[in-house]
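In the UniProt record's numbering, the protein residues as written are 1 to 1214.
Structure below.
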């Protein structure tokens, strides 16, 4: 067994380096949070210079920080000065150069103490005051933060002593670590005061710290032979950064010597940083894109930034590195890694400061405004920026400080640490589960539009859920109103849109913006061809990327079938995929998503023979997924039934709601399962619920396993979840039988190989270590790891064998192995013991000597090499384990799909139990024509302190199939119609409905026209919206559809509106013959249809007080026609002055007396033939009645026969 970690040599100072890093990060976190002022007057406890224990170091450390308490500023500076003793100052991850540590017995230390005591207090105080952050803020002292070498900087190094603590009392080891340079990449003095003043001595580390010295007057570097000069107290105070309140390092390493010094006060810069920054970055004042187009230009590209050549020539190497990345993603917040921190510059720093209250530090770094965060809090801050609509780019260091030093570099650009863009995070493409808070799918959608000669459109759409790596294709042949696109966007609610510049029509653009119900929607308008790849380029890039195995460029045998189908038969959709593929490549997500092959064809409506169709208008009008008030799920049907436990179960349930069942036997099987779980299956339900409660989002985790980005502790959760599922699935089948409906079918559908596959991981690794994200594989889990481990163990065995031989040969049990520095397995022998001449001495102390024998040296070198190889094996072990698990992705997905369906059944069961009383299981019947019969029906989503008034609703069968609904305003007409529609949807999902009894035929689609609001965002007037939605209803409704029309015609004039309402109602009731409601305020409309056999006159009951004009709404459905709309009564109840209402009532009566509609009502008295009936006579007489089949979706012979019967009955009743 081996632990996956780099084999490390033992060191007495292990851990001290991480302690400094932790302290610094903690200090920075404290800096960014509001804090109460701390008592800084307490002196710091001086740690022992000989202590090398990380625990002691932690306990003795005090973390200094910047305080906003001005009263304590000067005092805190003096305390920092007093506690910054030259003996114990330590280098930490910030890269600040410190004075060389000295042992406690050093005479130089005593001399320095004496010198500092002799310095006048006035000079100390003056220096401290000159270093005050408050005063420095006013002076805006200019500090050089340049990381590059554009000025001649003096890099210095120092030697650190390694303190070796052993059980035996021995002297300091002779071995000293090699000199190491440092880098200021980790220097965050702008954020925190140096936190290493009291640290214990640390071992030499290969951190990426680099210290760049401030400008000095002398341009000559230190010669190797010259000795460093002493550091004065003024040098310490001079290193205090006025802008940041932290100590900075001098340009030379000093061994303190007694020497008289003069304290120099800090002088303010002549130019403030802001002014100089504005001069150097003048091109940020007048922002232009890469093509020099200003912001108000119609073709302005917000992604790019123009930087003049004159600016490039003045940039330091670090500035060049930064702006080369930032200029290509100007509208993205770039987090730039520098050591243990991520920094934001210029515009991004301003955003961080104004939007998130992060402080802009000091006078800037690398001549730029700067804000920053600790490395460990990147995910938190990235999520905050993304939630506010920003894109976030993550730029990481490609190399450590050690690697940089090893490679060296001649030019300024080569001397800075190399960095690269690791990825871009956007709200629509997140993959890190810690940053995703929504259980529902979040889509990034790419769309391409093509116009046809007949005015219709073809939309190609490709959209992806990056969290699950599910990619969907769809190609829509749409009408001029983009009806199908409207439905698609309402269903999937994309968070991010990718389109080609200038491609989408105005209607499509406004649908994408209006129907998404999402805050901070992201739009990416890509350039044609170069970015939004056309068909040919998309295919070329797809093949070139080699996501799938292929023998040659024309081999698509291993490509997903859906992808190949759209490549060959749906070029518009494949063109849209080209735009999406380019975008995913830019985000560096393409490989993990495409190689998984989780690609499907999407259908906005399932097969009408098996599922109900709900279009986008109906989904919005009935508030299925989002309410119309604030766009959230509050009060929606999905909110009512969404009782699923697992995240993937909730996503599956949404699909069930969007596509209710149509076949009676399938619906009844769901109800059988719900009944079983509510009654006989309570024990099984409890087991299922307990199992599901502990299952994470396996669908998303599997995608991360494939991508190789999953943390190992989360992989443990995946294994344990499938183990629990496997353990339960075998037992659950015994609980159920065929009578339990779909539940029995789902339990039987678990793949048989699941148990065998999951057993392979039972003892594959140490699970306790895995909880800490450490991989310790068991023997036999990974052959490559086992071989590497065995090689190391073999070498160690040989070394142990040699050691025993040496002890026996030289008759000394004191001979042992010691590691020192980079050398391992040094043979340590007593000082007086004689060894062979071919042994190489590597070091000594007063009591022992250390050697390499030829045999041990050879084996030690081999072991070091094997350890490096083992490290590489360990680094790839996780990927190999994930690949092994991912080979059976289809099996795991089948398990997840089954669990999701079971979870949906449990959700419907819980929703059925909480629907209220009375509730019932509806009876579904087969019939050629639709019928519904609800007794005591209530609104399922109604939440109020008052009881909802139930109603009986009966349409079709022995009753007329269309209800003409009249009544006063606010009497409850719209609520009744919505209640009926929602009850039908619940019935066909498989959920109990809030009614005493229910009987219905399955409805194939629900179509609605509710309200009369201007759709301003889509540029449509009230009348236009009314008629366009009505046209869709007339074209798509069938005898088994439910149609709801609310106040049709009121968007136009009275005469136009009345005529349209009459003709539409006659056509629906006579020829289309669908179920439905027609609510209207045209009171005389009922007179025209009182002879129609398929129209039932209905009204909402009210009680009117004629004296006070008050109305009592009964909210009860009654037979008959409302005498009028009672608009004056409603106006009076709303508080309109009585004088105005009286005058309006007089005017209304006068209008009624002269109205043509009034005359028509008086003259007809129900005996005249309606205009609709007259029209039918003409069509029958001219033989054009068959032409109706062109405009009616289903107009076969039985329906034609029924239409003629309706006409004859109307004639008979004249």
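The beta carbon of each residue, even a glycine, is placed where N, CA and C say it ideally should be. Computed from a predicted structure; not experimentally measured.
Looking only at its own chain, which residues have a Cβ that is under 8 Å from the Cβ of residue 714, when we skip the five neighbours before and after it? Here the question's residue 714 lines up with position 714 in the chain shown. Correct list, in chain order: 433, 696, 701, 704.
For the beta strand (DSSP E) that contains residue 523, what are its first and last residues? Taking the chain shown and counting its residues from 1, the one referred to as residue 523 is at position 523. Start and end: 522-526.
Backbone CA spacing between residue 1219 and residue 323 [nearest angstrom]: Because the chain in this structure spans residues 1 to 1214, residue 1219 falls outside the shown range and cannot be described.
On the DSSP bridge assignment, give the partners of residue 387 in chain order. Translated into the one-based positions of the chain shown, residue 387 becomes position 387. DSSP lists no partner for residue 387.
At what residues does the beta strand (DSSP E) containing residue 1099 begin and finish? The residue you call residue 1099 lines up with position 1099 of the chain shown. 1095-1104 is the extent of the beta strand (DSSP E) around residue 1099.
Take the Cβ of residue 1092 as the centre, count every other Cβ of all protein chains shown within 10 Å, and call the residue buried at 16 or more, exposed below. Here residue 1092 refers to the residue found at position 1092 of the chain shown. Burial call: buried.
For residue 987, name the three-state secondary structure that DSSP assigns. Counting from 1 along the chain shown, the entry for residue 987 is found at position 987. Helix.
Nearest by alpha-carbon distance to residue 468: which of 441, 456, 486 is it? Numbered from 1 along the chain shown, position 468 holds the residue referred to as residue 468. Cα-wise, what sits closest to residue 468 is 441.
Validate contact between the segment 926-934 and the segment 1033-1050 using beta carbons, cut 8 Å, 3 pairs: Taking 8 Å as the limit for Cβ pairs, the verdict is that the segment 1033-1050 does touch the segment 926-934.
With contact counted as at least three CB pairs below 8 Å, one residue from each stretch, are the segment 724-732 and the segment 605-624 in contact? no
According to DSSP, is residue 406 helix, strand or coil? If you number the chain shown from 1, residue 406 lands on position 406. If DSSP states are grouped into helix, strand and coil, residue 406 belongs with the helices.
Which ranges would you report for the alpha helix (DSSP H) in the segment 764-844 if only whole runs of at least 4 residues count? 767-770, 783-809
Distance between residue 517 and residue 400 (C-alpha atoms, nearest Å): The residue labelled residue 400 in the question sits at position 400 within the chain shown. The residue labelled residue 517 in the question sits at position 517 within the chain shown. Between residue 400 and residue 517, the alpha-carbon positions lie close to 45 Å from each other.
When you compare each of 503, 995, 958 to residue 950 by their alpha carbons, which one comes out closest? Translated into positions along the chain shown, residue 950 becomes position 950. Its Cα nearest to that of residue 950, the residue 995 stands out among 503, 995, 958.
Could you give the C-beta distance for residue 398 and residue 420, rounded to a whole number, given that I count them as a contact under 8 Å? The residue given as residue 398 occupies position 398 in the chain shown. The residue given as residue 420 occupies position 420 in the chain shown. With 8 Å as the limit, residue 398 and residue 420 qualify as a contact, their Cβ atoms being about 5 Å apart.
Integer Cβ distance of residue 317 from residue 416, believed to fall under 8 Å: As a position in the chain shown, residue 317 is number 317, starting the count at 1. As a position in the chain shown, residue 416 is number 416, starting the count at 1. So it is a contact: roughly 5 Å between Cβ atoms.
Taking 8 Å as the CB-CB cut-off, is residue 459 touching chain D? Of the protein chains in the structure, only one exists, and it is not chain D.
Our contact map puts residue 827 next to residue 856 with C-beta atoms below 8 Å; I'd like the distance itself, whole angstroms only. Here residue 827 refers to the residue found at position 827 of the chain shown. Here residue 856 refers to the residue found at position 856 of the chain shown. Rounded, the Cβ-Cβ distance is 6 Å, consistent with contact.
How about the segment 641-654 and the segment 969-977: do they share at least three Cβ pairs that are nearer than 8 Å? Contact fails between the segment 641-654 and the segment 969-977, because fewer than three Cβ pairs, one in each stretch, are under 8 Å apart.
Once the 5 residues before and after residue 1199 are set aside, which same chain residues still bring their CB inside 7 Å of it? Stepping through the chain shown from its first residue, residue 1199 is reached at position 1199. If you ignore the 5 residues before and after residue 1199, its C-beta comes within less than 7 Å of the C-beta of 1039, 1073, all in its own chain and listed in chain order.
Touch check for the segment 846-864 and the segment 820-836: three-plus C-beta pairs under 8 Å? yes
State buried or exposed for residue 761, treating a residue as buried only when at least 16 other CB atoms are found within 10 Å of its CB. Position 761 of the chain shown, counted from the first residue, corresponds to residue 761. When all chains shown are included, residue 761 counts as buried.
What does a CB cutoff of less than 8 Å around residue 989 pick up in its chain, not counting 5 residues either side in sequence? Along the chain shown, read from residue 1 onward, the residue named residue 989 stands at position 989. Hits under 8 Å: 641, 656, 657, 660, 661, 670, 908.
Under 8 Å between the Cβ atoms of residue 1172 and residue 1121? The residue labelled residue 1172 in the question sits at position 1172 within the chain shown. The residue labelled residue 1121 in the question sits at position 1121 within the chain shown. Not a contact, by the Cβ cut-off of 8 Å.
List the whole-angstrom C-beta distance separating residue 1064 from residue 1088, where the pair is believed to meet the contact cut-off of C-beta under 8 Å. For this step, residue 1064 is matched to residue 1064 along the chain shown. For this step, residue 1088 is matched to residue 1088 along the chain shown. Not a contact, Cβ separation roughly 13 Å.
On the CB-based measure, 16 or more other CB atoms within 10 Å of its CB, does residue 873 come out buried or exposed? Here residue 873 refers to the residue found at position 873 when the chain shown is read from its first residue. By the neighbour-count rule (16 or more Cβ atoms within 10 Å), residue 873 is buried.
Distance, residue 953 Cα to residue 916 Cα: Here residue 916 refers to the residue found at position 916 of the chain shown. Here residue 953 refers to the residue found at position 953 of the chain shown. A direct Cα-to-Cα measurement between residue 916 and residue 953 gives close to 19 Å.
Here's the rule I'm using: 16 or more other beta-carbon atoms within 10 Å means buried, otherwise exposed. How should residue 553 be labelled? Indexing the chain shown from 1 puts residue 553 at position 553. The residue in question, residue 553, is exposed, as its Cβ has fewer than 16 Cβ neighbours within 10 Å.
Endpoints, alpha helix (DSSP H) assigned at residue 903: The count along the chain shown starts at 1 and reaches residue 903 at position 903. Note, residue 903: alpha helix (DSSP H), 889-913.
Length-filtered (3 minimum) beta strand (DSSP E) runs lying within the segment 397-460: 419-425, 444-451
Collapsed DSSP secondary structure at residue 115 in the structure displayed: Within the chain shown, residue 115 is the residue found at index 115, counting from 1. Because the pLDDT at residue 115 is just 46, under 50, the model does not fix this residue reliably, and the value given afterwards should be weighed accordingly. Shown here, residue 115 sits in a helix according to DSSP, grouped into three states.
Have a look at residue 891 and residue 719 and give me their C-alpha separation to the nearest angstrom. The count along the chain shown starts at 1 and reaches residue 891 at position 891. The count along the chain shown starts at 1 and reaches residue 719 at position 719. Rounded to whole angstroms, residue 891 to residue 719 spans 14 Å at the Cα level.
Cα-Cα separation between residue 569 and residue 478, rounded to whole angstroms: Taking the chain shown and counting its residues from 1, the one referred to as residue 569 is at position 569. Taking the chain shown and counting its residues from 1, the one referred to as residue 478 is at position 478. Taking the straight line from one Cα to the other gives about 17 Å.
Measure the CB-CB distance between residue 1244 and residue 472 and report whether it falls below 8 Å. Residue 1244 falls outside the range modelled here, since the chain spans only 1 to 1214, and no answer is possible.
Run the CB neighbour count on residue 609, radius 10 Å, all protein chains shown included, and call it buried at 16 or more, exposed below. Here residue 609 refers to the residue found at position 609 when the chain shown is read from its first residue. With fewer than 16 other Cβ atoms within 10 Å, it is exposed.
Taking 6 Å as the limit between beta carbons, can you name the residues of its chain near residue 1060, skipping five residues before and five after? Looking up residue 1060 in the chain shown gives position 1060. Cβ within range, chain order: 1049.
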